[in-house]
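Under the numbering used here, the first residue of the sequence shown carries the number 79, and numbering increases by one thereafter.
Backbone N, C-alpha and C define an ideal beta-carbon position, used for all residues, glycine too.
Here is the structure we will look at, set down as structure tokens.
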Amino acid sequence: LGDLLFVNTSNGVDESHDKIPAPQAPSFIALDKHTGRLVWADNSPGSNIIHGQWASPAAAVIDGVPQVIFPGGDGWLYSFLARATADKKPQLLWKFDCNPKHSQWKDGGRGDRAELVATPVIHNDLVYIATGHDPEFGEGPGILWCIDPRKRGDVSAEVVLDRNGKPVPHRRLKAVDQQAGEVVKPNPNSAVVWSYAGHDANGDGKLEFAESMHRTLGMVVIKDNLLVVADLAGLVHCLHARTGKQHWTYDMLAAVWASPLIVEDKIYVADEDGDVAVFALSPEFKLLAENNMAASVYGTPVVSDDVLYIATRTHLFAIATPRHAAQQ
């Protein structure tokens, strides 16, 4: 953004999957894009990094303020002023804990505490991010958040208070220690517009597999107020971008690593079985086609010059209509 380049350094645990060798090393850096000179650095996740830091940041000017939003390895989103500062230190605008305070990290991803793998999406001055994890850890519960980035400070949904009512610093494995008299309270400064953990379609008071949002690796895509996200369990979710209301879901029956792709009035989603599903971009569910590429698809399909490119584990396909192909 402007003359600055923003990078997540991918600081994380060692081969033990428990120890962080360099917790004070920078997690987020800003560079002069012309010279590579370091402008500022930040190590906020520090010793609370759960596993690694996988996601790229997003940047935009919101209400006249340039923001760069970093997904941290501790499961927090951090927004900084996206410009150089006089003291060469980053200026934190807001931060948001994407995990419920009662969630807990367990070795191998067995708990319900997650990290951030997807890149945040900024659309119509709102920020969208879903929780995820190393796919080797399997599925598990996920949450999709819609956040107002115009607030400042700790804008998480909840805060943890000690027995004296004072805020408790964040912890890596679990944010709240109930045995010590700590409690979780709604945050009066919360920037949550809405959150989505699933939709109880049958009204039985609990979320079944097909009704739940799971961990995801891909980012959301949005067009015409329709938000689409695919999770690692293979479910495709279509929601109203402003309200979080669920329109429809579809089970791909295989893990989805990639982000969906929207082209004109169609949605493309690829999965680990090599299937590429095509849906109508509509609040009403309509599956238009499903084709198998004969090998797993882990990357997001891309369109350029009216050609659809799909990379599988073994081949790269360029797909176009016969008329367009003849013109090339």
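{"Query": "For A269 and F174, which I take to be in contact (beta-carbon distance under 8 Å), what is that distance rounded to the nearest angstrom?", "Result": "7 Å"}
{"Query": "What do you reckon, are the CB atoms on S134 and T87 nearer than 7 Å?", "Result": "no"}
{"Query": "With the cut-off set at 7 Å, would you say A333 and G352 are in Cβ contact?", "Result": "no"}
{"Query": "Should P338 and A373 be called a contact, given that it needs their Cβ atoms to be closer than 7 Å?", "Result": "no"}
{"Query": "Are W183 and I221 touching if we call contact CB-CB under 7 Å?", "Result": "no"}
{"Query": "Report yes or no: do three or more beta-carbon pairs, one from the stretch 252-272 and one from the stretch 285-300, lie closer than 8 Å?", "Result": "no"}
{"Query": "Which one of T113, G153, R161 and W154 has the shortest CA to CA distance from A119?", "Result": "R161"}
{"Query": "State the DSSP-derived secondary structure class of S125, mapped to helix, strand or coil.", "Result": "helix"}
{"Query": "Using 8 Å for Cβ pairs, my map puts L194 next to G153. What's the rounded Cβ distance?", "Result": "6 Å"}
{"Query": "Rounded to the nearest angstrom, how far is the Cβ of L83 from that of L109, given a contact under 8 Å?", "Result": "5 Å"}
{"Query": "Which residues mark the beginning and the end of the beta strand (DSSP E) in which K344 is found?", "Result": "K344 to A348"}
{"Query": "Helix, strand or coil for D185, going by three-state DSSP, please let me know.", "Result": "helix"}
{"Query": "For the beta strand (DSSP E) that contains S88, what are its first and last residues?", "Result": "That residue, S88, is in no beta strand (DSSP E); it is neither H nor E in DSSP."}
{"Query": "Would H248 be called buried (16 or more neighbouring beta carbons within 10 Å of its own) or exposed?", "Result": "buried"}
{"Query": "Please state if the CB of H325 and the CB of P361 are separated by a distance shorter than 7 Å.", "Result": "yes"}
{"Query": "Are the beta-carbon atoms of I345 and L365 separated by less than 7 Å?", "Result": "no"}
{"Query": "I98 lies in the beta strand (DSSP E); which residues open and close that run?", "Result": "Careful: I98 lies outside any beta strand (DSSP E) and carries neither H nor E."}
{"Query": "Give the secondary structure of F363 by DSSP, where H, G and I count as helix, E and B as strand, and everything else as coil.", "Result": "coil"}
{"Query": "Do you know offhand how far V246's Cα is from N369's?", "Result": "51 Å"}
{"Query": "Could you check if D329 is buried or exposed, using at least 16 other CB atoms within 10 Å of its CB as the buried criterion?", "Result": "exposed"}
{"Query": "If we count the other Cβ atoms within 10 Å of its Cβ and call it buried at 16 or more, is Q102 buried or exposed?", "Result": "exposed"}
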